[in-house]
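J.:
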Amino acid sequence: MSEKVMIFSEVKNFTQDLIDWQKKLGRHDLPWQKNRTAYRVWLSEIMLQQTQVSTVLNRYDEFLKIFPTVERLGAATVDEVLAQWSGMGYYTRARNLHRCAQSVMTDHDGVFPSDPKVLESLPGIGRSTAAAVAVFAYGKRAAILDGNVKRVLARIWGFDQDLTKTLHTNQLWSHAENLLPHKKSDLIAYTQGLMDFGATHCTQYQPACIDPQKGSCPFKKSCVAYLSERINQIPLKVKKVKVEKIDMTWWVMIHQDQVLLEKRPEKGIWAGLWCFPESQELVKEPSQAMPAFKHVLTHRQMTIKPIKVHLKKRVRLQENQQWFSLNDVGGLGLPKPMSLFLKSLDLVRDGE
DNA sequence: AACACGGGGGG
DNA sequence: CCCCCAGTGTT
1 MSEKVMIFSE VKNFTQDLID WQKKLGRHDL PWQKNRTAYR VWLSEIMLQQ TQVSTVLNRY
61 DEFLKIFPTV ERLGAATVDE VLAQWSGMGY YTRARNLHRC AQSVMTDHDG VFPSDPKVLE
121 SLPGIGRSTA AAVAVFAYGK RAAILDGNVK RVLARIWGFD QDLTKTLHTN QLWSHAENLL
181 PHKKSDLIAY TQGLMDFGAT HCTQYQPACI DPQKGSCPFK KSCVAYLSER INQIPLKVKK
241 VKVEKIDMTW WVMIHQDQVL LEKRPEKGIW AGLWCFPESQ ELVKEPSQAM PAFKHVLTHR
301 QMTIKPIKVH LKKRVRLQEN QQWFSLNDVG GLGLPKPMSL FLKSLDLVRD GE
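So in our numbering, spot 292 of the first sequence is number 292, and the numbers just go up one at a time.
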């Protein structure tokens, strides 16, 4: 048994059902669905990469009016292109759009290539966009796999692997290719159907299977995510916690064998635990920077910079502060780096 | 406020 | 391969 079959069980007639669905319930009147030249298709795909259909609808015709051909676009200045793009965000797209137009003019005799692999070599065109242009403009047999399509395929086949992993996304790519219709005449309806079904029915939140207002889902009977009540878990994208880098100062105030500690607020990091004060302004005794060290938490990488001050008298600067003998700190609630640090203080003291 | 999106670029 | 980024719109 091949790997493909093990991962993606048979969903009967998916391809044909989707084609039928598209013909009946898909979108047929979007401006870029008429007169599907490579230039028009390409422009719409780039605009749609990170921008909603409703926004692109307001911009597409205007853009084409100003840059009616790939030649005119390539001949424009990048500033003119950026000006026309303004408000749509991700301005790298506009710069690549311009570069791509120039490359089509100089490297491809002014004609967009039809081979997805060649399209993919152009600026701003990745695997999915290349396939879309090849299908819509040239009727080629190529698979798209954008965010909408990933959601549709992952849900129906119950593919619950982490899609931030290249391996799993590649498995989905293979699956997308296996699903392509064999009749070339079906490719446009099929590809458009994938896009439309994902955008209007198999939406991220409240898809049609649980929201009748969106219509009915033709795949309800076989959709693994729906049948196993995992619509909200699939597709799975494990977001890596962003590790924030933080510098923290510890004022290590020492008087004889005692240190001044501060009970931290009940909210935030190390809530309610005892720590060195992170700031102080009143004490003017000479201070000495100690070696900084790192402490790593799930979501933070802290660089702790202790500053030692030997005080002649015990002062308490705030209500939440208290002096402790080093012999007693062991009984306090201390965050990990505090207990490690205090132990090292002990060693220093013993060594003295 | 958190999340979603395709592609590029650097390590 | 992995990570990070960019900007607007949606939930």
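Beta carbons: idealized from backbone N, C-alpha and C, even for Gly.
Everything numeric in this text was worked out from a predicted model, so none of it was measured.
Which residues mark the beginning and the end of the alpha helix (DSSP H) in which F197 is found?
T.: L187 to T200
J.: My understanding is that L194 touches W173, with C-beta atoms under 8 angstroms, so please give their C-beta distance in whole angstroms.
T.: In fact, because the Cβ distance is near 13 angstroms, the residues do not count as touching under 8 angstroms.
J.: Can you give me the start and stop residues for the alpha helix (DSSP H) that V41 sits inside?
T.: For V41, the enclosing alpha helix (DSSP H) stretches over residues A38 to Q49.
J.: Any idea what DSSP makes of F63, helix, strand or coil?
T.: helix
J.: For my contact list, W355 and K263 are in at a C-beta cut-off of 8 angstroms; report their separation, rounded to the angstrom.
T.: Since the displayed the chain opens at 1 and closes at 352, residue 355 lies outside it and no answer follows.
J.: If we call anything under 8 angstroms between Cβ atoms a contact, is W21 one with F197?
T.: yes
J.: Might you give, ordered along the chain, the residues of its own chain that have their beta carbon closer than 8 angstroms to the beta carbon of G110, omitting 5 neighbours on each side?
T.: V70, E71 and V104
J.: Determine the contact status of G158 and V224, defining contact as a CB-CB distance below 8 angstroms.
T.: yes
J.: On the DSSP letters alone, give me the boundaries of the alpha helix (DSSP H) that S325 sits inside.
T.: S325 -> not in any alpha helix (DSSP H); beta strand (DSSP E) instead, spanning Q321 to S325.
J.: Check this for me: beta carbons of G43 and F63, under 8 angstroms apart or not?
T.: Here the sequence assigns Leu to residue 43, which means Gly is not the residue at that position. A contact, by the Cβ cut-off of 8 angstroms.
J.: Can you give me the C-alpha to C-alpha distance between I8 and H175, rounded to a whole angstrom?
T.: The displayed chain sequence assigns Phe, not Ile, to residue 8. Their backbone Cα atoms lie some 7 angstroms apart in a straight line.
J.: Verify whether the separation of the beta carbon atoms of H303 and S279 is less than 8 angstroms.
T.: A quick correction: the sequence has Thr, not His, at residue 303. No, the pair does not count as a contact, with Cβ atoms beyond the cut-off.
J.: Reducing DSSP to helix, strand and coil, say where T203 ends up.
T.: coil
J.: Inspect the beta-carbon positions of F341 and Q258 and report whether they are closer than 8 angstroms.
T.: no
J.: According to the Cβ coordinates, are G124 and R93 closer than 8 angstroms?
T.: yes
J.: Assuming the contact rule is C-beta atoms closer than 8 angstroms, H201 and K214 should be a hit. Round their C-beta distance to whole Å, please.
T.: Contact flag correct, Cβ pair sits at about 6 angstroms.
J.: Here's a check: name, in chain order, each residue in its chain whose Cβ is nearer than 6 angstroms to the Cβ of L332, leaving out the five neighbours to either side.
T.: W274
J.: Look up M253 in the DSSP assignment and give the residues it is bridged to.
T.: V309
J.: Measuring CA to CA, which of T77, M88, A38 and K34 is closest to S54?
T.: Residue M88 is the option with its Cα nearest to S54.
J.: So which of L326, F136, V149 and Q50 has the shortest CA-CA distance to Y90?
T.: Q50
J.: Could you pull out every residue in the same chain whose Cβ sits closer than 6 angstroms to the Cβ of A199, ignoring the five residues on either side in sequence?
T.: N148
J.: If you follow the alpha helix (DSSP H) that A83 is part of, which residue opens it and which one closes it?
T.: V78 to W85
J.: Have a look at Q206 and H299 and give me their C-alpha separation to the nearest angstrom.
T.: 31 angstroms
J.: For L122, which residues in the same chain have their Cβ closer than 6 angstroms to its Cβ, ignoring the five residues on either side in sequence?
T.: Here L122 has C100 and S103 as same chain residues with Cβ atoms under 6 angstroms from its own Cβ, once five neighbours each way along the sequence are excluded.
J.: Does DSSP classify C275 as helix, strand or coil?
T.: strand
J.: Output yes or no for whether 8 angstroms exceeds the beta carbon distance between I188 and F112.
T.: no
J.: Where do the N-terminal and C-terminal ends of the alpha helix (DSSP H) with Q16 fall, by residue?
T.: F14 to L25
J.: Could you spell out the range, first to last residue, of the alpha helix (DSSP H) harbouring V224?
T.: It spans V224 to L227 - the alpha helix (DSSP H) in which V224 sits, taken as one unbroken run.
J.: State the start and end residues of the unbroken beta strand (DSSP E) segment that holds E285.
T.: Taken as a continuous stretch (DSSP letters only), E285 belongs to no beta strand (DSSP E), as it is neither H nor E.
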